[in-house]
Amino acid sequence: MSTHAAHPPRDESAPRSLIFVVEDDPAVTKLVLNALVEFGFNAEGFQTGTAMLRRLQAEKPDLCIVDLGLPDMDGIDLVRRITTQTSAGVLILTGRGHTADRVMGLELGGDDYMTKPFESRELVARVRSILRRRMAANGAPGAQQRRYASFLGWRIDCAANILRAPDGSEHLLGTAETQVLRCFVERPHQILTREQLMGARDLLPTDRSIDVRISRLRRKIEVDPHDPVIIKTVYGAGYMFAAAVTWT
1 MSTHAAHPPR
11 DESAPRSLIF
21 VVEDDPAVTK
31 LVLNALVEFG
41 FNAEGFQTGT
51 AMLRRLQAEK
61 PDLCIVDLGL
71 PDMDGIDLVR
81 RITTQTSAGV
91 LILTGRGHTA
101 DRVMGLELGG
111 DDYMTKPFES
121 RELVARVRSI
131 LRRRMAANGA
141 PGAQQRRYAS
151 FLGWRIDCAA
161 NILRAPDGSE
171 HLLGTAETQV
181 LRCFVERPHQ
191 ILTREQLMGA
201 RDLLPTDRSI
211 DVRISRLRRK
221 IEVDPHDPVI
231 IKTVYGAGYM
241 FAAAVTWT
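All letters in the sequence shown, in the order written, are residues 1 to 248 by the numbering used here.
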């Protein structure tokens with residue numbers, strides 16, 4: 001079952017991004033949809049993961065807001081399926097207080113998370129932040145022309161989110177993971193701040209999502225992720241990609 005929010009008149013400058021909201025509590029769904037529509041987004045609500053996945057076959061959203069406690073499937077599994085089947089951003093909305101659940105969601109490609117109860121204006125602010133970061137990454141100058149980057153035997157296809165290892169094996173990266181790696185290969189041997197890597201100027205000091213993505217990338221490309229030589233931590237400053245990069 002899905003709920004389609006009404007679309008009130010808006011000026012042409014308002015954002016038109018499509019947001020899917022997967023939440024089994026009708027009151028929470030109504031709150032989220034009303035907030036999104038009020039601020040100019042198109043929004044559709046779904047009470048089950050199955051209903052959202054069915055809709056996904058016909059319509060691709062710009063971002064999905066996913067509750068982890070769904071009646072028909074684990075929200076973590078739904079996050080995984082969204083990030084592998086689409087390029088949509090993901091905001092995890094959960095009543096679970098366990099850090100492990102939030103970290104797992106980010107590991108699977110989620111862009112951010114919020115815990116219940118929440119303030120609707122903060123939710124909208126986080127939605128906008130995710131969309132800004134993704135638009136900045138996807139619209140980076142030269143990104144369309146500079147698709148393939150190679151370093152130390154690795155090759156990243158920035159358009160297809162595929163990382164090929166020196167032995168020829170391929171890894172399908174999450175969109176958020178690809179954005180961070182692309183930021184690195186665009187500017188090797190430069191110290192990049194957490195804000196630069198996330199494409200956000202309003203990053204909270206407590207936001208650790210970039211650290212999760214760095215850890216995930218290190219596990220893929222470093223010989224020893226605990227003693228990295230490619231993605232180096234520059235304490236007090238950020239991170240640096242310490243490898244020569246060639247583009248084709």
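Think of the CB as a built atom: it goes at the ideal place given N, C-alpha and C, for glycine as much as any other residue.
In this text, all values refer to a predicted model and were calculated from it rather than measured experimentally.
Asked	Found
Examine the Cβ distances between the region 167-178 and the region 226-239 and report whether three or more of them are shorter than 8 Å.	no
Measuring straight from C-alpha to C-alpha, what distance separates Q85 and V79?	10 Å
Check each candidate in I214, V229, R218 and T29 and name the one with the smallest Cα separation from F118.	T29
Out of curiosity, what's the CA-to-CA distance linking D25 and V223?	45 Å
How many angstroms separate the CA atom of V127 from the CA atom of V229?	34 Å
To the nearest angstrom, how far is it from the Cα of L18 to the Cα of L68?	20 Å
Assuming contact is defined by CB atoms lying nearer than 8 Å, are G89 and L63 in contact in what I supplied?	yes
Can you tell me whether C183 is helix, strand or coil according to DSSP?	helix
Taking 8 Å as the cut-off, decide whether the C-beta atoms of V288 and E44 are in contact.	The chain is shown from 1 up to 248; residue 288 falls before or after that span and cannot be answered.
Just to confirm my understanding: we take I92, look at its own chain, exclude 5 residues before and 5 after, and list those with CB closer than 6 Å. What are they?	V66, G105, G110 and Y113
Got a sec? Which residues, its chain only, sit under 6 Å from V245 by beta carbon, not counting five neighbours each side?	A149, F151, V185 and P188
Where does E107 land, buried or exposed, given buried means 16+ other C-beta within 10 angstroms?	buried
With T50 as the anchor, note down where its beta strand (DSSP E) starts and where it stops.	Per DSSP, T50 belongs to no beta strand (DSSP E); it is in the alpha helix (DSSP H), G49 to L56.
When DSSP builds the beta bridges, which residues end up paired with R80?	Looking at the DSSP assignment, R80 forms no beta bridge with any residue, so it has no partner.
Which residues in the same chain as P308 place their Cβ atom closer than 8 Å to its Cβ, once the five residues preceding and following it in sequence are excluded?	Only positions 1 to 248 of the chain appear in the structure, and residue 308 is not among them; the question remains open.
Ignore the nearest five residues each way along the sequence and tell me which others in R147's own chain have a CB closer than 6 Å to its CB.	C158 and A159
Please classify I230: does DSSP put it in a helix, a strand, or coil?	coil
Taking Cβ positions, are I231 and I214 nearer each other than 8 Å?	yes
Within its chain, find whatever has a CB closer than 8 Å to the CB of Q196; leave out the 5 residues flanking it on each side and keep chain order.	C183 and G238
Here's the rule: buried if 16 or more other CB atoms are within 10 angstroms of the residue's CB, otherwise exposed. What is L36?	buried
Let's see if you can read the secondary structure: which residues bound the alpha helix (DSSP H) around T29?	P26 to E38
Indicate the three-state DSSP secondary structure (helix, strand or coil) for M263 in the structure shown.	As displayed, the chain neither begins before 1 nor continues past 248, which places residue 263 out of reach and without an answer.
Give the secondary structure of T193 by DSSP, where H, G and I count as helix, E and B as strand, and everything else as coil.	coil
Roughly how many whole angstroms lie between the Cα atoms of R216 and D74?	22 Å
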